[in-house]
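So the structure is just underneath, and the comments pick up after that.
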Amino acid sequence: LAEAGGPEAQWPGGLSWAVHLHSREGEQEEKTMERRADALAQAAGLVNTGRIGELRGHYLFVQPAGRKPAMEVEAARRQAEAVLASHADVHWHSEQRLLRRTKR
Amino acid sequence: SIYFNDPKYPQQWHLNNRQSPGRDINVTGVWERNVTGRGVTVVVVDDGVEHTVQDIAPNYSPEGSYDLNSNDPDPMPHPDVENGNHHGTRCAGEIAAVPNNSFCAVGVAFGSRIAGIRVLDGPLTDSMEAVAFNKHYQINDIYSCSWGPDDDGKTVDGPHQLGKAALQHGVMAGRRGFGSIFVVASGNGGQHNDNCNYDGYANSIYTVTIGAVDEEGRMPFYAEECASMLAVTFSGGDKMLRSIVTTDWDLQKGTGCTEGHTGTSAAAPLAAGMIALMLQVRPCLTWRDVQHIIVFTATQYEDRHADWITNEAGFSHSHQHGFGLLNAWRLVNAAKVWTSVPYLASYVSPVIKENKAIPQSPRALEVRWNVSRTDLEMSGLKTLEHVAVTVSITHPRRGNLELKLFCPSGMMSLIGAPRSMDSDPSGFNDWTFSTVRCWGERAKGVYRLVVRDVGDESLQVGVLRQWRLTLYGSVWSPVDIRDRQRLLQNAMSGKYLHDSFTLPCPPGLSIPEEDGYTITPNTLKTLVLVGCFTVFWTVYYMLEVYLSQRSVASSSACRNGACRWPRRNRKAREEGTELESVPLCNRKDLHGGEVESTDPAASPGLLGPEHLEEGAWHLALNSKGALDCPPQQCPPELLQDQQEQIC
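Protein chains in written order, with my numbering: chain Y, 1 to 104; chain L, 1001 to 1647.
Structure (structure tokens):
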């Protein structure tokens, strides 16, 4: 259920990455891209929560739910980074960090 | 002639200033002509909107709203310890507070619809910003964002990769392709010598950056100077001056009305409301049209402290006030007669590697780039809109740097102001500064970037590593600009501001919104629980029926082929102590005669419940005791009728 919340349901405190996939020639179907994103997330040990807003080809991957010790979290981060950095499908990726924003 | 019974309307000096005539947004004439923002939706991206407040509820748009902090469709603010989550509600009231409800105040665009996206009341990431900027972007026309990176005079930050992509996607695909309008507050870092060119939201070409002036027309203590600010409008000033009266939340200490809304936060929503008025009279204005109209109509005014300079195109700009005060009458009349600016043309220079030392003041490093006619041929770019410079500089103390850009006309823009509080040692890494001061000027010519170090000589010298020039504009020539200025001047009498004059508008594109997660987790959980509950009771009930039938079938009466189904106790049925189930059986008189159904549709031999009148139901199943008893031993009340069901 937490995974079904989509990218809007973010930041339960775990790691998350935004990923921009290369779009393949002739690839029109959103579902095809979604499947590629699912496979990529799985390869990185993450869960694909879905497309980020209206940005085609951009997906949010999060760490699977469940408390983990810090060492495991760090290992998971390294694994995810390694996979995303080297995967042919990934155009761009970035670990999500908190932003400071102030009301004016 | 405008009158409202809202008790605080007379104190809304920014709408109609009777104490200091002219020191308001000049909107009453627009209202008199029935331009109120009807048909336009403005969304406040903030800490929530209390849409149940009397002054907001009638204009609230749930379709345009969302709560990204709690992941549900309702952007109601949450009470907090600091009593601070009233911000979005106050901004919303400025835009669309309902008039003539004898409550509080009136909004600038009181005929528009107001939505809320709650995103500031919790952890915020780049991806969440990206979702917010495009949320319901075919419903929301204008996004009012009275927030940004810290205004502490030492932060350099803006939208990250996804936020930038979302802003760009918004102006390309939002609002049926005419482009979402993003209105941002320029920032409150004036006391820290901050400058909005260190804020990537404020210096973005995709946003309308609005600053503030106080009731006396002066730059308030909190306001920032900025070469990329488009215009200013009214807000609060120091303690002796009036602030903005608007709706407040009524949670915690709130009363539903406030007289204390201030900052550039209060200015941006007023601009958003005025843009809503523009969009009512001309819905097909593009995001660039809106910026052009602001540049063309904002009014320079007397302020000795401001460095007003008139550029080559005849537009006056000051770092303190942008192109001047927003004027609702001028904006709306200009919008009424505006035909769209041509496509966005741009020119990007190559990355110019310099690796040159930045000398101490008064000396300066000057680098140049010539943009020739040939360079602009492909795009057709003739006159400028935004001019951007992306630099990489190493320096041990970033705040000591000063950057000035000179357009071919000689117009100077202070794009990187020195900031005494910024001691960051990492310099600038591909940071983009921008200016609007060359708006309307010719694009061709030599651009000069002048960099100098205004700090202490004891520090290591800084180095300009590389820079790149980006020009945005259109194929409009300077003559076209002047023609447009004349056209607008002719419209300012208001003679076109009536229903019988309307320029044609294209319908816009049909762009479907991504709706992949219409079911929120909470809804999903509720549905699953209800489903489980239903399944459980279904299984339970089926078991009960099955076991009861088995029990009857195994009794001696049934083994002989005649099951006695006692007559149902109607009272018990009404009280709900009996189950309602009717077996598919023949009706047979106790005397052994078959009773045929009078319903020709009934299948012979079998009667379902639908073929039985209610009063004629002979209940098959009730209490266990009745099932187990042969007729001669059953309680008489169960054998009241001579007709029985025989299965």
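C-beta atoms are modelled at their ideal positions from N, C-alpha and C, and glycine is treated no differently. No experiment lies behind these values; they were computed from the predicted model shown.
Chain-ordered neighbours of residue i on chain L, where CB pairs are closer than 8 Å
i	result
THR32 of chain Y	Within 8 Å Cβ-Cβ: nothing; THR32 of chain Y doesn't reach chain L, min ~15 Å.
Residue i versus residue j: straight-line alpha-carbon distance, rounded
i	j	result
GLN1360 of chain L	MET1240 of chain L	41 Å
HIS1192 of chain L	THR1155 of chain L	11 Å
GLY50 of chain Y	LEU15 of chain Y	15 Å
PRO1350 of chain L	LEU1469 of chain L	8 Å
THR1502 of chain L	ALA1335 of chain L	11 Å
ASN1005 of chain L	VAL1389 of chain L	51 Å
ASP1047 of chain L	THR1297 of chain L	32 Å
GLY1037 of chain L	TRP1031 of chain L	9 Å
ALA1364 of chain L	SER1346 of chain L	29 Å
GLY1170 of chain L	ASN1490 of chain L	33 Å
TYR1222 of chain L	GLU95 of chain Y	34 Å
VAL73 of chain Y	VAL47 of chain Y	14 Å
TYR1541 of chain L	MET1128 of chain L	47 Å
PRO1159 of chain L	VAL1535 of chain L	49 Å
ASN1188 of chain L	ARG35 of chain Y	45 Å
TRP1431 of chain L	ASP1214 of chain L	32 Å
MET33 of chain Y	LYS1135 of chain L	21 Å
ALA18 of chain Y	GLU54 of chain Y	14 Å
MET1278 of chain L	LYS1444 of chain L	32 Å
ILE1117 of chain L	PHE1178 of chain L	21 Å
SER1020 of chain L	LEU1270 of chain L	19 Å
SER1426 of chain L	ILE1393 of chain L	9 Å
PHE1103 of chain L	ILE1056 of chain L	10 Å
Closer than 7 Å at the beta carbon, the chain L residues around residue i
i	result
ALA18 of chain Y	ASP1126, SER1127 and LEU1162
ARG35 of chain Y	Within chain L, no residue comes near ARG35 of chain Y; the closest Cβ sits about 14 Å away, beyond 7 Å.
Contact belief for residue i with residue j at Cβ below 8 Å, rounded distance in angstroms
i	j	result
PHE61 of chain Y	ALA41 of chain Y	5 Å
ASP1291 of chain L	GLY1324 of chain L	First, the amino acid is wrong: residue 1291 of chain L is Gln here, not Asp. Not really, about 14 Å apart at Cβ, beyond 8 Å.
PRO1073 of chain L	SER1061 of chain L	With a Cβ gap of about 11 Å, PRO1073 of chain L and SER1061 of chain L do not count as contacting.
LYS1382 of chain L	SER1477 of chain L	5 Å
TYR1472 of chain L	HIS1386 of chain L	5 Å
CYS1648 of chain L	SER1146 of chain L	With chain L covering 1001 to 1647 only, the question about residue 1648 of chain L has no answer from this structure.
LYS1404 of chain L	MET1412 of chain L	6 Å
GLY1322 of chain L	VAL1232 of chain L	6 Å
Residues that residue i contacts on chain Y, provided the C-beta gap is smaller than 8 Å
i	result
HIS1087 of chain L	LYS103
ALA1165 of chain L	LEU55 and HIS58
TYR1648 of chain L	Look at the range of chain L in this structure, 1001 to 1647, and you will see that residue 1648 of chain L is not part of it.
TRP1147 of chain L	ARG101, THR102, LYS103 and ARG104
Under 9 Å from the C-beta of residue i: neighbouring residues of chain Y
i	result
ASP1150 of chain L	ARG100, ARG101 and THR102
THR1264 of chain L	ARG104
GLU1513 of chain L	GLU54
HIS1169 of chain L	GLY53, GLU54, LEU55 and ARG56
Which residues DSSP lists as bridging residue i, in chain order
i	result
GLY1211 of chain L	L:VAL1232
CYS1145 of chain L	L:VAL1184
MET1240 of chain L	Note: MET1240 of chain L sits in no beta bridge, so no partner.
ARG1113 of chain L	L:THR1041
LEU60 of chain Y	Y:ALA18 and Y:GLY50
GLY1360 of chain L	Inspection of the sequence shows that residue 1360 of chain L is occupied by Gln rather than by Gly. In DSSP, GLN1360 of chain L forms a bridge with L:ASP1453.
GLN1466 of chain L	L:LYS1353 and L:SER1392
ASP93 of chain Y	Looking at the sequence itself, residue 93 of chain Y is His, so the reference to Asp does not match. HIS93 of chain Y is bridged to Y:VAL19.
THR1299 of chain L	L:LEU1325
LEU1310 of chain L	First, the amino acid is wrong: residue 1310 of chain L is Thr here, not Leu. Note: THR1310 of chain L sits in a beta bridge opposite L:SER1316.
TRP1369 of chain L	L:TYR1447
Contact list for residue i against chain Y, beta-carbon separation under 7 Å
i	result
ASN1134 of chain L	GLY53 and GLU54
LEU1120 of chain L	ARG101 and LYS103
GLU1225 of chain L	Within 7 Å Cβ-Cβ: nothing; GLU1225 of chain L doesn't reach chain Y, min ~16 Å.
Test: residue i CB closer than 7 Å to a CB of chain C
i	result
PRO1062 of chain L	No chain C is present in this structure, whose protein chains are Y and L.
Residue i: CB within 6 Å of a non-hydrogen atom of the ligand SAH
i	result
GLY1084 of chain L	Of the ligands one can find in the structure shown there are none, so the ligand SAH has no counterpart to examine.
**OP:** With 9 Å as the C-beta to C-beta threshold (strictly closer), list the residues of the region 1281–1300 of chain L near chain Y in chain order.
**Re:** none
Subject >> Against chain Y: residues of the region 1036–1050 of chain L by CB proximity under 9 Å >> reply: ASP1046 and ASP1047
**OP:** Output, in sequence order along the chain, the residues in the region 75–99 of chain Y whose CB is closer than 9 Å to any CB in chain L.
**Re:** TRP92, SER94, GLN96, ARG97, LEU98 and LEU99
**OP:** Could you run through the region 1180–1197 of chain L and flag, in chain order, every residue whose CB is less than 7 Å away from some CB of chain Y?
**Re:** ALA1185, GLY1187 and ASN1188
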